[in-house]
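Be aware that the sequence shown starts at 37, since it is given in our numbering, and climbs by one per residue.
Scroll down for the structure; my scribbles are underneath it.
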Amino acid sequence: MSAKADVVEERGVATAPSESVPESARRRVFSGMQPSGTPHIGNYLGAIKHWVAQQVFYDNVFCIVDLHALSLPTDPAALRQNTIGLATALLAAGIDPNQSIVFVQSDVREHAELCWLLNSVTQFGELRRMTQFKDKAGGQDEAVSAALFDYPVLQAADILLYDTELVPVGDDQRQHVELTRDIATRFNARYGETFVVPKADIKPEGARIMALDDPTAKMSKSAASQNGVISLTDDADTIRRKIRRSVTDSGSDVVSGPGKPALTNLLTIYALLGDDTVSALEERYAGKGYGAFKSDLGEAVVAALAPIQRRLGELQSEPEHVATVLATGADRARTRASAKMAQVRDRMGLGLGT
Ligand code: AMP
Ligand code: TRP
């Protein structure tokens, strides 16, 4: 039986009743991001932007999931650098450590521990059906790590440790949140009410930003070519060049819709980074052709990323500040996670209570 993904899909940012809700009564949000490279505008528009916009309404936990990154071959020095880089980028994008807990997953040992316990209530067949595993394994099931296969259970542990109600993610994570709901429901039925059953919070706009050089593939940190990916750290000329060279659809009209995957993607990016709707942009560029549109889009992306990049530069010169935020975040996360683990161990009959 599958607990149907109860997906919260709403326009706008405010999905909580009011900013005046006391902290203790705020709904709990958890989300994570892998330190597998520099975050890009897909990560920003599908996830980070919503985390930032909504953080005032919720009790938020944001996690840099370095244990998940180990599911693919990883260089230790690069992993540590990417972890710090991602933390810095999240703070630069507006995650406020006074509103949100920000921490590194491996600093809180309970994530790995709960993953193992949840493995015992997860079915092999459920994991085999995960499309992200199939995509990442690329048909090489025999050669990939067991961690890649088990990845969704670690993600379920992340979410369930914190009594999470809402999981703001891009569309590619829908199936993992659905599995988390199934695992939580099954655990609760077997051992008694222990976990909150979470909901995915997927905004329809920006949930799936596509690569600029291939609008049928999702923009991804691990893409073979960086031409299709605008990273949050790309300089202005690189951004302009990537957009100028982006793939377009047949014809010359700046319109979105079925059969126009490339322009739909570019218009979506433009609308989400600026203040205009897709239809206002279609009207503005009617009869003007791709050249003028791409040139303005390039400037819009440069302008939207400029404040983030400015702040990034400042934070890069204060690495102690970032380290302190992560240490404080880990302490706060650990307090919550260890209380939850004590309850889980007890329910499952583990240990002798020491
Ligand atoms: P990852 O980079 O895979 O760790 O993803 C971190 C977050 O960004 C998740 O919430 C993803 O769903 C989201 N995300 C990743 N790629 C995209 C994309 N191309 N479009 C929209 N959201 C994305
Ligand atoms: N699997 C997510 C991704 O690739 C990252 C992630 C790990 C996550 N744990 C999570 C997202 C918990 C939301 C909640 O994007």
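All C-beta atoms, glycine included, are put in the ideal place defined by N, C-alpha and C.
Residue span of the beta strand (DSSP E) that contains residue i, given as start and end
i, result
"Ile100", "95-100"
"Lys172", "Taken as a continuous stretch (DSSP letters only), Lys172 belongs to no beta strand (DSSP E), being part of the alpha helix (DSSP H) at 167-173."
heavy atom of ligand 1 below 7 Å from residue i C-beta
i, result
"Ala236", "no"
"Gly166", "Reading the sequence as shown, one finds Met at residue 166 and not Gly. Met166: no, Cβ never under 7 Å from ligand 1."
"Asp102", "no"
"Arg372", "no"
"Asn96", "no"
"Met405", "Outside the shown range of the chain (37 to 390) lies residue 405, about which nothing can therefore be said."
"Gln91", "no"
"Asp208", "yes"
"Asn392", "The structure shown has nothing for residue 392, since the chain only spans 37 to 390."
Residue i: first and last residue of the uninterrupted alpha helix (DSSP H) it sits in
i, result
"Thr284", "That residue, Thr284, is in no alpha helix (DSSP H); it is neither H nor E in DSSP."
"Ile219", "210-227"
"Pro297", "297-309"
"Leu153", "146-155"
"Asn163", "The residue asked about is misnamed: residue 163 is Leu in this sequence, not Asn. Taken as a continuous stretch (DSSP letters only), the alpha helix (DSSP H) holding Leu163 covers 160-164."
Residue i - DSSP class collapsed to helix/strand/coil
i, result
"Lys254", "strand"
"Phe66", "strand"
"Ser38", "In this predicted model, Ser38 has a pLDDT of only 45, less than 50, meaning its place in the structure is not dependable enough to derive any value."
"Asp367", "helix"
"Ser315", "helix"
"Phe329", "helix"
"Val203", "strand"
"Val338", "helix"
"Ala247", "strand"
"Asp237", "strand"
"Val189", "helix"
"Val361", "helix"
"Val380", "helix"
"Ser353", "coil"
"Ser374", "helix"
"Ser142", "helix"
"Ser267", "strand"
"Ser261", "coil"
"Lys324", "coil"
"Ser292", "coil"
Cβ-heavy atom distance, residue i to ligand 2, below 7 Å
i, result
"Ile391", "The chain is shown from 37 up to 390; residue 391 falls before or after that span and cannot be answered."
"Asp171", "no"
"Asp194", "yes"
"Val140", "no"
"Phe66", "yes"
"Val203", "yes"
"His86", "no"
"His76", "no"
"His357", "no"
"Gln70", "yes"
"Gln211", "no"
Ligand 4 heavy atom lying under 7 Å from the CB of residue i
i, result
"Ala114", "Ligand 4 is absent from the structure shown, which contains only ligand 1 and ligand 2."
> Just checking, does the segment 163-173 make contact with the segment 119-131 on the three C-beta pairs under 8 Å criterion?
Replying inline: Per the Cβ contact rule, the segment 163-173 is not in contact with the segment 119-131 (fewer than 3 Cβ pairs under 8 Å).
>> Whether or not the segment 67-80 and the segment 92-100 are in contact is what I'm after, with contact meaning three or more pairs of Cβ atoms, one per stretch, closer than 8 Å; do they touch?
In response: Contact between the segment 92-100 and the segment 67-80 is present, with at least three C-beta pairs closer than 8 Å.
> Which residue spans inside the segment 76-138 form an unbroken beta strand (DSSP E) run of at least 3?
Replying inline: 95-100, all fully within the segment 76-138.
>> Taking contact to mean 3 or more Cβ pairs, one atom from each stretch, closer than 8 Å, check whether the segment 346-362 and the segment 81-95 are in contact.
In response: With a cut-off of 8 Å, the segment 81-95 and the segment 346-362 do not count as touching, because too few Cβ pairs lie within range.
> Do the segment 218-236 and the segment 262-270 meet, that is, are 3 or more Cβ pairs less than 8 Å apart?
Replying inline: Segments in contact, no.
> Would you call the segment 325-342 and the segment 280-288 touching, i.e. three or more CB-CB distances under 8 Å?
Replying inline: Taking 8 Å as the limit for Cβ pairs, the verdict is that the segment 280-288 does touch the segment 325-342.
>> Below 8 Å, how does it come out for the segment 214-225 and the segment 131-150: are there three or more Cβ pairs, yes or no?
In response: Because the criterion of three Cβ pairs below 8 Å is not met, the segment 214-225 and the segment 131-150 do not touch.
> On the three-pair Cβ rule with 8 Å, is the segment 106-113 touching the segment 148-161?
Replying inline: Three or more Cβ pairs closer than 8 Å define a contact, and the segment 106-113 falls short of that threshold against the segment 148-161.
> How about the segment 237-248 and the segment 206-217: do they share at least three Cβ pairs that are nearer than 8 Å?
Replying inline: Touching, yes.
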